[in-house]
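Student: First, the structure itself, so that you have it in front of you.
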Amino acid sequence: MMKSFIFLILAMLLAPIYAALILKVKAFFGGRKGSPLLIHYYTLIKLLKKGSVYSTSTTVIFKLGPVISFSATAMVLMFLPIAGQAPLFSFDGDVIFLLYLLGLGRFFTIAAAMDTASPFEGMGAAREAYFPIICEATLFMTLILFYTLSGELNLAAFFSGAQPLGLWHMAGVPMLFVVIALFIVLLAENSRVPVDDPATHLELTMIHEVMVLDHSGPDFAFIELGSFFKLFFYSALVTRLIAPVPFRHPMVDAFVFFSIMTLVYTAIGVTESVMARYRMDKVPKFVLTSFALAFFATVITLEFVK
Amino acid sequence: MNSFFLSMLVIVCGGILPLFLWRQFALMKAVSVLAIGSGCLLGLLNAWAGLTRPVNGAVEFSYLGNFSLSFHMDTLSAYFLIVIFGVSLIAALYSFHYMRNAQKALRTAVHYLFFSLLVMAMSLVVTASNLITFILAWEIMSLSSFFLVAYNYEAAENRKAGYLYFVFSQVGAMFLLAAFGIIYAHGGSFAFDAAAALPESAKILVFVLAFIGFGSKAGVFPFHVWLPHAHPAAPSHISAVMSGVMIKTGIYGILRIYVMLDWHCALFGDIVLIAGMLSGVLGVVYALGQHDLKRLLAYHSVENIGIILIGIGIGMIGVAAGKPVMAVLGFSGGLLHVLNHALFKSLLFMGAGMVLHQTGTRAIDALGGLIKKMRVTGTTFLIGSLAISGLPPFNGFVSEFLVYMGGFNGVALSSRGFALSLLAIVSLATIGGLALACFTKVVGVVFQGEPRSDAARDAEEKGLLMMVPMIVLAGACIVIGVFPTFFMTMTLKAVASVGLGYGRIPMEPFVILTANITRGAFLFLTVLLAVLALRSLLYRGKTIARSGTWGCGFTQPTVKMQYTGSSYAASILEFFKPAAPLSESYRPIQGCFPAGTHYRSHVHDLAEMQMGPLIVRPVLWLFDKLRWLQHGDIHLYIGYILLAIVVVLFFV
């Protein structure tokens, strides 16, 4: 329990640093030195010190948006087994609860964007409502696979304990598909290149960034921190699948886990450096690939299990 | 059962008295609402007693000689009665301030008559215990609701909606009569039990016929065509009752025929599940493409009936495969969704009614910013939207969660069961995402942003009795979402009457699931409160300014530039184009000084589109060819009758 709590705090503290790693990788590819790894901390502190400007069009929903989406992502981390440790909380079917909780966060992010009456934010909101539909289908397809393998439906059963799911599991080969599918979902859900470009300068082409244009000060800090948490969550899923069987020593397991996390974040950075953003109408096809992969993995695994 | 008939009597009194009191408009409404309301309350208490302490034995009236009327209340009936009386009570309250046109006093009085008849007929449908009683109550229900749909008969589109509904309900009833006829032909009895003795091939035929008949009432794709026409036409509290409760009698019918046939055949489950998935996904896709608020909500009824059927289908497959946990989860999830959908859908229709009342328009793209003036309506509508999108901690999530758990149990089945469970889970996930997109559109465009028309700018809310029902319903959505255990036990009691052959269903394994939802909800609320506290701490002593929305450098924004509902949904609809053909008409923008332009789009409903060429035209052609039979000669008509009687006497 205590260990889980320490790991949770560690994860929350590390999430902004990991996100800065992506910037570092991109800077490396661009031949620059790049901003320090603590850059997101500096930004967060700066934001927390500020006040806020609210649009005259907005209502209380606009203020609720960041709070609810941040609470949802923070709560998801509490159910996530970090480095093979049992999570703080867990119950039968918690994955469904968490995915829908992220849905609640998304509902309020979109509602906050629509609250501003800005055409740009509406555009972003429409895209934010669209792509996750396909991601959700992929995630549930993956859950079906995980359920057939483990017979349970909670993150703790999938990723902690003696026999966590992953490439080293008996059904490891189709799991490769799942790793790729989840990586695509990670890119789409966290608005990374090639789905969305967080560093672009043109509001018309953004998805997530344009929706939060009007947020400022601590509200914006909540949004930023929430998005780091969400990225950490998805990366941890991918990491856990790649990671080897647990060594049953918390320090070793933690070391392995956080090293692979570094690799996953580096992979995101490399993807962002070598690829351009897809045209908007190509994005659904890209995300659908993940669904197809998850589907094949499930079907193939069924043969294995037989 | 006596107190049940007493409540029927009180409700019908509430319908008949207005016919004598219509000259005193307010008095008439008060008397009617009080009588219908107290009748519903009495019925609610009685149904609650019927659910917790089931009474055996039917009440029989040999009123029509050979055709005796017989009633019986088991826990399944009692469960549906709770939904019927609960929503009707709230809708009756809402009607007091909604029906405010004193010029139409007589019409309002007639509306109360048919409203009370509708409530009575729905209650009789779910308590009927032989085929004759059932079909009689069913027809009273269809006819009384037809007159309610045709309430605003001056508008041609409303007359068309009424006509369409009439045709659909009568054709549906024809299928039911065919199914009941087969049962009678085999057993020679109108009793429900007679159906169990049918040979298996006849059972399949009966089930399919009855499924079409009940499905056309429930709004199952492709028999849902009347629904999006009828709901916008009716007054809003009638839409709430029809969409929230009346279409559920179709679900009750499907369950009842399943109980009657007493055959746990996987094929039934397959049919129900596939129909459920089709209705669920297509319903929400069509909903997304609507521009009319009430039409959009009507399509969401198709979607939610789909979710209910997915639950019931999973249950049926579970029974056939010998998996009790899956079966109970499927059935109770479906039944709980019956209650949940009744609550949030009537809430949403009442909210839409308030919007319609205050702005005079149902066009989504003409509204905007309403939540600022209409706080109660806006907030409760938001809660209803969250609930219908199936998000925790609201009630829609609970039932979807149970159906999901049932579906995951089915993944362990052999090939066909596995494939269907997999499809069910993926379609539920897709429905969830699409519903979220659809309701962010509704809330975002109708209630948020800036008003897009003068009507929307000047809107304000009034009518205390319109707001109280919405607050009660929104409260119920939250209570069920946070404390589902109590309601879960209710549905488990109802499932006990479905005749799964398990004897007593243990509560513990299922109550654990709902207790977990309570834990999760509390945890989330704790985190939320902590973050809110942190937020107010962080904002202490800070300067908070208000200014215009950032226009990305553009300094002269107008409300016309806001994203509309049509543009919001456009890209998603593009994806579903094969299932939802889109027709657009617009004048392209050309030159440096473009002239005025317009954009019109319409999403075609596949079922509605194909109904003409595939069904209506062949039927018309056939009847055209038979026109010579109808020549207007009365002598020959009498001859037909004689001939028919002779044929019947000799050959049957």
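Chains L and E are the protein sequences, given in the same order.
For the first sequence, the working numbering gives the first residue as 691, with consecutive numbering after it.
For the second sequence, the working numbering gives the first residue as 23, with consecutive numbering after it.
Note that the Cβ used here is the ideal one computed from N, Cα and C, for glycine as well.
State the Cα-Cα distance for the pair Ala807 of chain L and Ala385 of chain E, rounded to the nearest angstrom.
Tutor: Here residue 807 of chain L refers to the residue found at position 117 when the first sequence is read from its first residue. Here residue 385 of chain E refers to the residue found at position 363 when the second sequence is read from its first residue. Roughly 18 Å separates the two Cα atoms.
Student: Can you name the residues of chain L whose CB is closer than 7 Å to the CB of Ile393 of chain E?
Tutor: One-based indexing of the second sequence puts residue 393 of chain E at position 371. Residues of chain L passing the Cβ test: Thr749.
Student: Report the three-state DSSP secondary structure of Tyr662 of chain E (helix, strand or coil).
Tutor: As a first step, residue 662 of chain E is located in the second sequence; it is residue number 640 there, counting from the start. Helix, per DSSP.
Student: What does the Cβ neighbour count give for Cys825 of chain L, buried or exposed, with the cut at 16 atoms within 10 Å?
Tutor: Residue numbering aside, residue 825 of chain L sits at position 135 when the first sequence is read from its first letter. That one is buried.
Student: Answer yes or no: does any C-beta atom of chain A fall closer than 7 Å to that of Val494 of chain E?
Tutor: Note that chain A does not occur in the displayed structure, where the protein chains are L and E.
Student: Does Glu530 of chain E have its Cβ less than 7 Å from a Cβ in chain L?
Tutor: Translated into positions along the second sequence, residue 530 of chain E becomes position 508. Not closer than 7 Å to any Cβ of chain L, the Cβ of Glu530 of chain E fails to qualify, so no.
Student: Give the C-beta separation of Leu186 of chain E and His251 of chain E to the nearest angstrom, bearing in mind that I take them to be a contact with Cβ-Cβ under 8 Å.
Tutor: For the purposes of this step, residue 186 of chain E is taken as the residue at position 164 of the second sequence. For the purposes of this step, residue 251 of chain E is taken as the residue at position 229 of the second sequence. Contact holds; Cβ gap of about 5 Å.
Student: In whole angstroms, give me the CA-to-CA distance for Gly266 of chain E and Pro346 of chain E.
Tutor: By one-based count along the second sequence, residue 266 of chain E stands at place 244. By one-based count along the second sequence, residue 346 of chain E stands at place 324. If I take the Cα positions, the gap works out to 29 Å.
Student: Whose Cβ in chain L lies nearer than 8 Å to the Cβ of Met583 of chain E?
Tutor: On the second sequence, residue 583 of chain E is found 561 positions in, with the first residue counted as 1. Going along chain L in sequence order, the residues near Met583 of chain E (Cβ under 8 Å) are Pro809.
Student: For Ala459 of chain E and Arg75 of chain E, I'd like the C-alpha separation in whole angstroms.
Tutor: Your numbering for residue 459 of chain E matches position 437 in the second sequence. Your numbering for residue 75 of chain E matches position 53 in the second sequence. Distance between the alpha carbons of Ala459 of chain E and Arg75 of chain E is about 43 Å.
Student: For Ile786 of chain L, decide whether its Cβ has a neighbour in chain E, counting only Cβ atoms nearer than 7 Å.
Tutor: Looking up residue 786 of chain L in the first sequence gives position 96. Yes, its Cβ sits closer than 7 Å to a Cβ of chain E.
Student: Which residues, taken in chain order from the stretch 761 to 785 of chain L, show a beta carbon closer than 8 Å to some beta carbon of chain E?
Tutor: The residues in question are Ser761, Ala762, Ala764, Met765, Met768, Phe779, Phe781, Asp782, Gly783, Asp784.
Student: Alpha helix (DSSP H) containing Val147 of chain E: first to last residue?
Tutor: Numbered from 1 along the second sequence, position 125 holds the residue referred to as residue 147 of chain E. Here the alpha helix (DSSP H) through Val147 of chain E covers 127 to 149.
Student: Let's test the definition: count the other Cβ atoms within 10 Å of the Cβ of Thr565 of chain E and tell me whether it reaches 16, buried, or not, exposed.
Tutor: Working through the second sequence from its first residue, we reach residue 565 of chain E at position 543. Classification for Thr565 of chain E: exposed.
Student: Any residues in the stretch 447 to 459 of chain E with a beta carbon nearer than 7 Å to a beta carbon of chain L? Which ones, in chain order?
Tutor: Per Cβ criterion, the list reads Ile447, Val448, Ala451, Thr452, Gly454, Gly455, Leu456, Leu458, Ala459.
Student: Sorted by chain position, which residues of the same chain lie with C-beta nearer than 6 Å to Phe810 of chain L's C-beta, five sequence neighbours on each side aside?
Tutor: Residue 810 of chain L sits at position 120 when you count from the first residue of the first sequence. Cβ neighbours of Phe810 of chain L beyond the five flanking positions: Glu893, Val900.
Student: Starting from Phe188 of chain E, follow the alpha helix (DSSP H) in both directions and report where the run begins and ends.
Tutor: Against the second sequence, residue 188 of chain E aligns to sequence position 166. Phe188 of chain E -> alpha helix (DSSP H) spans 178 to 209.
Student: So is Trp160 of chain E buried or exposed if we call it buried at 16+ other beta carbons inside 10 Å?
Tutor: Here residue 160 of chain E refers to the residue found at position 138 when the second sequence is read from its first residue. Trp160 of chain E comes out buried.
Student: Where do the ends of the beta strand (DSSP E) carrying Val743 of chain L lie?
Tutor: Within the first sequence, the letter at position 53 stands for residue 743 of chain L. From DSSP, the beta strand (DSSP E) with Val743 of chain L extends over 742 to 745.
Student: Drop a sphere of 10 angstroms on the beta-carbon of Tyr101 of chain E, count the other beta-carbons inside from all chains shown, and report buried for 16 or more, exposed for fewer.
Tutor: Residue mapping note: residue 101 of chain E aligns to position 79 of the second sequence, counting from 1. The residue in question, Tyr101 of chain E, is buried, as its Cβ has 16 or more Cβ neighbours within 10 Å.
Student: For Trp285 of chain E, decide whether its Cβ has a neighbour in chain L, counting only Cβ atoms nearer than 7 Å.
Tutor: To locate residue 285 of chain E, count along the second sequence from 1; it is residue 263. Not an interface residue.
Student: Compute the Euclidean distance between the alpha carbons of Ile58 of chain E and Leu231 of chain E, then round it to the nearest angstrom.
Tutor: What you label residue 58 of chain E is simply residue 36 of the second sequence in a count that begins at 1. What you label residue 231 of chain E is simply residue 209 of the second sequence in a count that begins at 1. Using only the alpha carbons, I get a separation of about 35 Å.
Student: Taking DSSP as the reference, what is the three-state secondary structure of Arg930 of chain L?
Tutor: By one-based count along the first sequence, residue 930 of chain L stands at place 240. Reduced to three states, the DSSP call for Arg930 of chain L is helix.
Student: What would DSSP say about Ala968 of chain L, mapped onto helix, strand or coil?
Tutor: Position 278 of the first sequence, counted from the start, is the residue given in the question as residue 968 of chain L. Residue 968 of chain L is actually Tyr in this sequence, not Ala. Reduced to three states, the DSSP call for Tyr968 of chain L is coil.
Student: For a quick check, are the C-beta atoms of Tyr134 of chain E and Pro257 of chain E less than 7 Å apart?
Tutor: Within the second sequence, residue 134 of chain E is the residue found at index 112, counting from 1. Within the second sequence, residue 257 of chain E is the residue found at index 235, counting from 1. No. Outside cutoff.
Student: Which of the three DSSP states, helix, strand or coil, is assigned to Ser3 of chain E?
Tutor: Absent from the model: residue 3 of chain E. The displayed extent of chain E is 23 to 674, so no value can be given.
Student: Pro706 of chain L: which of L:Ala878, L:Ser850, L:Phe912, L:Ala776 sits nearest, CA to CA?
Tutor: Counted from its first residue, the first sequence places residue 706 of chain L at position 16. Checked all of L:Ala878, L:Ser850, L:Phe912, L:Ala776; the closest Cα to Pro706 of chain L is L:Phe912.
Student: Going by the beta-carbon positions, is the gap between Met492 of chain E and Thr402 of chain E smaller than 7 Å?
Tutor: On the second sequence, position 470 is the one that residue 492 of chain E refers to. On the second sequence, position 380 is the one that residue 402 of chain E refers to. Yes; because the gap between Cβ atoms is below 7 Å, this pair is in contact.
Student: Anyone know if the C-beta pair for Gly755 of chain L and Phe798 of chain L falls short of 7 Å?
Tutor: The count along the first sequence starts at 1 and reaches residue 755 of chain L at position 65. The count along the first sequence starts at 1 and reaches residue 798 of chain L at position 108. Yes, Cβ-Cβ distance for Gly755 of chain L and Phe798 of chain L is below 7 Å.
Student: If distances are taken between C-alpha atoms only, which option among E:Glu596, E:Ala629, E:Arg622 comes closest to Asp971 of chain L?
Tutor: Counting from one through the first sequence, the residue named residue 971 of chain L turns up at place 281. With distances taken between Cα atoms, Asp971 of chain L lies closest to E:Glu596.
Student: Could you please give the first and the last residue of the uninterrupted alpha helix (DSSP H) stretch that includes Phe42 of chain E?
Tutor: For this step, residue 42 of chain E is matched to residue 20 along the second sequence. From DSSP, the alpha helix (DSSP H) with Phe42 of chain E extends over 24 to 43.
Student: Does any residue of chain L bring its CB to less than 7 Å from the CB of Gly471 of chain E?
Tutor: For the purposes of this step, residue 471 of chain E is taken as the residue at position 449 of the second sequence. It does: the Cβ of Gly471 of chain E has a partner Cβ on chain L nearer than 7 Å.
Student: Would you mind sorting Gln125 of chain E into buried or exposed? The rule is 16 or more other CB atoms within 10 Å of its CB.
Tutor: Here residue 125 of chain E refers to the residue found at position 103 when the second sequence is read from its first residue. Answer is exposed; the Cβ neighbour count stays below 16.
Student: Can you tell me whether Ser265 of chain E is helix, strand or coil according to DSSP?
Tutor: As a working mapping, residue 265 of chain E is identified with position 243 in the second sequence. Here Ser265 of chain E sits in helix by DSSP.
Student: If you compare alpha carbons, which of E:Leu651, E:Thr381, E:Ala349, E:Thr540 is closest to Pro528 of chain E?
Tutor: Along the second sequence, read from residue 1 onward, the residue named residue 528 of chain E stands at position 506. Nearest of E:Leu651, E:Thr381, E:Ala349, E:Thr540 to Pro528 of chain E, Cα basis: E:Ala349.
Student: Just to confirm before moving on: does the CB-CB distance between Gln470 of chain E and Met804 of chain L stay below 7 Å?
Tutor: Here residue 470 of chain E corresponds to residue number 448 of the second sequence, with the count starting at 1. Here residue 804 of chain L corresponds to residue number 114 of the first sequence, with the count starting at 1. Yes, Cβ-Cβ distance for Gln470 of chain E and Met804 of chain L is below 7 Å.
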